[in-house]
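Asks: Pasting a structure below so you can have a look.
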Amino acid sequence: MTQLKGLRELDFALYISSISLYLQNPLDHAYMLYDLIYELDKTELYISGRGDVVEAYMLIWRGQKYSGIHLWNYSEDLKRLLKEALPAIIQLYRPSDLEKVAGALKEAGVEFKAEVYHGGR
Numbered sequence: 722m723t724q725l726k727g728l729r730e731l732d733f734a735l736y737i738s739s740i741s742l743y744l745q746n747p748l749d750h751a752y753m754l755y756d757l758i759y760e761l762d763k764t765e766l767y768i769s770g771r772g773d774v775v776e777a778y779m780l781i782w783r784g785q786k787y788s789g790i791h792l793w794n795y796s797e798d799l800k801r802l803l804k805e806a807l808p809a810i811i812q813l814y815r816p817s818d819l820e821k822v823a824g825a826l827k828e829a830g831v832e833f834k835a836e837v838y839h840g841g842r
């Protein structure tokens, strides 16, 4: 069964699993690791996973006028948290998540603009 845990609820195994994501793909997870090390007082992290496996996460950085949300492998578990963190600039790491996130925002009656940027990979 999938569980959603906030930063303060993470057990050691799930924390290590989230660090492993960075080690496997530093470009996709650099913001997560940086914010957890240097911006912890402005950062919220919610992980959706099974056991010690991270299936999805939402990183919320509250350092400016708008929150910065980083979604990796968006799941329905994160929908309520997404709505609560608005207004925000949302960054997705998987193109397939755009349709799901847009649907959740439309369902919440949120006006939004989507722009697609591609990295050099």
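Residues 722 to 842 (the working numbering) are what the sequence shown spells out, left to right.
All C-beta atoms, glycine included, are put in the ideal place defined by N, C-alpha and C.
1. Answer yes or no: do Ala777 and Leu799 have a C-beta to C-beta separation smaller than 9 Å?
2. Taking the alpha-carbon positions, what's the Gly841 to Phe833 distance?
3. I'd like the ranges of any beta strand (DSSP E) spanning at least 3 consecutive residues and lying wholly in the stretch 734-790.
4. Return the chain-ordered list of same chain residues with a C-beta closer than 7 Å to the C-beta of Asp749, the five sequence neighbours on each side being excluded.
5. Please classify Tyr759 as buried or exposed, where buried requires at least 16 neighbouring CB atoms within 10 angstroms.
6. Taking the C-alpha atoms as reference points, what is the distance between Ala835 and Ile810?
7. Check Gly727 in the structure and name its three-state DSSP category.
8. Between the stretch 815-831 and the stretch 733-745, can you find at least three pairs of beta-carbon atoms closer than 8 Å?
9. With a floor of 4 residues, list each alpha helix (DSSP H) that falls wholly inside the stretch 790-831, ordered by position along the chain.
10. Does DSSP put Gly841 in a helix, in a strand, or in coil?
Replies: Reading off the structure:
1. yes
2. Note that Gly841 scores a pLDDT of 49, beneath 50, so its modelled location is shaky and nothing firm can be said.
3. 764-771 and 774-782
4. Trp793 and Tyr814
5. exposed
6. 10 Å
7. strand
8. no
9. 800-805 and 818-828
10. Bear in mind that a pLDDT of 49 at Gly841, under 50, signals an unreliable position, so the number given afterwards is only what the model happens to contain. Residue state, collapsed to three classes: coil.
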